[in-house]
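Asker:
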Amino acid sequence: MRKNFLIVCFFSFLFSWFFFFSDRSLAFFSGDDVLMTQIENNVDSLFLKKRSSEWTEQLLEKVRLVMEQYRDEPAKTDLLEKTLVYIRQKTLYRKNTILKQKKKDFVEQLWSGIVTKSSWIPENCLRKYSFLNQLGVEQDFPTALIVATWWKEWSCRMSLPANGYGVFQITSHDYGTGDFGGAGLREQAQHFIDFARAKAAYYDKANLASGYTLELNYGQFDYRDLRNHAVLYNAISWTVRKEFLDPRRQDYVIGNLWSGANVTTGTISDGLVTRFVKLLEWEVNEFYE
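Numbering-wise, the sequence shown is residues 201 to 489 according to the numbering used here.
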């Protein structure tokens with residue numbers, strides 16, 4: 201008991217020093233779920249006032265600095281990681297109305313182009329959506345793109361494919377075979393995000409002279425960036441130095457969107473962008489409160 205008290209006092213002092221702002225300081229604590237609730241309450245009190253995005257980023261950066269200092273102490277870094285996620289969730293919660301409308305507008309922009317309006321989505325994709333949304337918030341990456349890729353590559357199954365490349369089919373990793381749980385899904389999803397960002401950095405560097413960039417964030421995406429991401433993720437047909445990339449397989453990218461068919465077989469199936477739109481449509485109607 202005394203040990204927990206000392207930890208609380210230590211963290212109160214530490215975070216009061218690190219998190220001092222012009223109008224108040226914030227005391228954080230280390231420990232179990234009860235102490236995590238204390239952290240959440242303190243964060244909630246901070247957000248009673250309207251906060252700018254710059255202010256929030258400063259707060260997040262200071263948490264990261266403390267994490268770096270305690271990177272060799274798992275218990276503390278785990279708590280700090282949860283704190284980062286909670287702050288991001290708190291920020292995004294305030295923007296949910298704006299995000300929902302933005303996603304609704306994006307769906308309406310593309311929905312008329314989808315040839316078959318079937319809204320069926322594998323149950324497992326939806327069952328794990330909240331779980332993956334936490335990672336999306338934490339990593340500032342579109343949750344719908346994580347799930348759409350899992351859906352496209354492996355039908356949202358919780359078993360590893362025989363080739364060992366995992367549910368996102370990343371050939372640089374060997375995940376073995378067999379079933380996996382939440383930790384395995386999170387690990388593979390993180391590798392997917394890292395892979396996607398490496399591809400985006402490659403595109404940005406190649407198009408430095410022209411100024412074209414590829415940007416995918418939790419609340420920021422557009423058709424061109426999604427399409428280019430899908431091309432880079434699957435296979436590019438020609439040069440990367442252009443605004444709209446040419447896919448080797450159009451059906452993988454925009455199948456069932458504006459009749460984007462497999463040029464070899466003529467069959468139409470949902471492409472990655474199409475699945476993203478369908479998941480976004482589900483988000484707008486079912487995921488937000």
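Positions of the beta carbon are idealized from the N, C-alpha and C atoms, including for glycine.
Since the model is a prediction, treat every value here as computed from it, not as a measurement.
So which of D305, V263, W351 and I298 has the shortest CA-CA distance to L332?
Answerer: W351
Asker: Where DSSP assigns a beta bridge to L457, which residues make up the other side?
Answerer: I314
Asker: For a quick check, are the C-beta atoms of Y418 and F306 less than 8 angstroms apart?
Answerer: It is not a contact, given that the beta carbons lie outside the stated cut-off.
Asker: Check each candidate in D446, A409 and A406 and name the one with the smallest Cα separation from R424.
Answerer: D446
Asker: Would you list the residues sitting across from G523 in a DSSP beta bridge?
Answerer: Examination of residue 523 is not possible in this model, given that the chain is present from 201 through 489 alone.
Asker: Please determine, among Q301, Y375, E261 and T277, the residue with the shortest C-alpha to C-alpha distance to V484.
Answerer: Q301
Asker: Is there a C-beta anywhere in chain D that falls below 8 angstroms from the one on R271?
Answerer: Of the protein chains in the structure, only one exists, and it is not chain D.
Asker: My assumption, with CB atoms under 8 angstroms, is that A344 sits in contact with L480. Please give the rounded CB distance.
Answerer: 5 angstroms
Asker: At which residues does the alpha helix (DSSP H) containing T474 begin and terminate?
Answerer: L472 to W482
Asker: Report yes if the C-beta distance between L385 and K303 is below 8 angstroms; otherwise report no.
Answerer: no
Asker: With a threshold of 16 other CB atoms inside 10 Å of the CB of T291, please say whether the residue is buried or exposed.
Answerer: buried
Asker: Less than 8 angstroms between the beta carbons of I287 and V347, yes or no?
Answerer: Contact flag unset, no.
Asker: Would Q258 and V337 be called neighbours here (beta carbons separated by less than 8 angstroms)?
Answerer: no
Asker: Measure from the alpha carbon of Q238 to the alpha carbon of each residue in C356, L279, A362 and A275, then state which is nearest.
Answerer: L279
Asker: Is the beta carbon of E387 closer than 8 angstroms to that of V367?
Answerer: no
Asker: Taking DSSP as the reference, what is the three-state secondary structure of I321?
Answerer: In the structure shown, I321 sits in coil (DSSP, three-state: anything other than H, G, I, E or B).
Asker: Can you tell me the Cα-Cα spacing of N296 and L260, whole angstroms?
Answerer: 19 angstroms
Asker: Tell me the rounded alpha-carbon separation between K276 and K282.
Answerer: 10 angstroms
Asker: For the alpha helix (DSSP H) containing W354, name the first residue and the last one.
Answerer: T343 to W354
Asker: Mapping DSSP to helix, strand and coil, what is N428?
Answerer: helix
Asker: Where does A430 land, buried or exposed, given buried means 16+ other C-beta within 10 angstroms?
Answerer: buried
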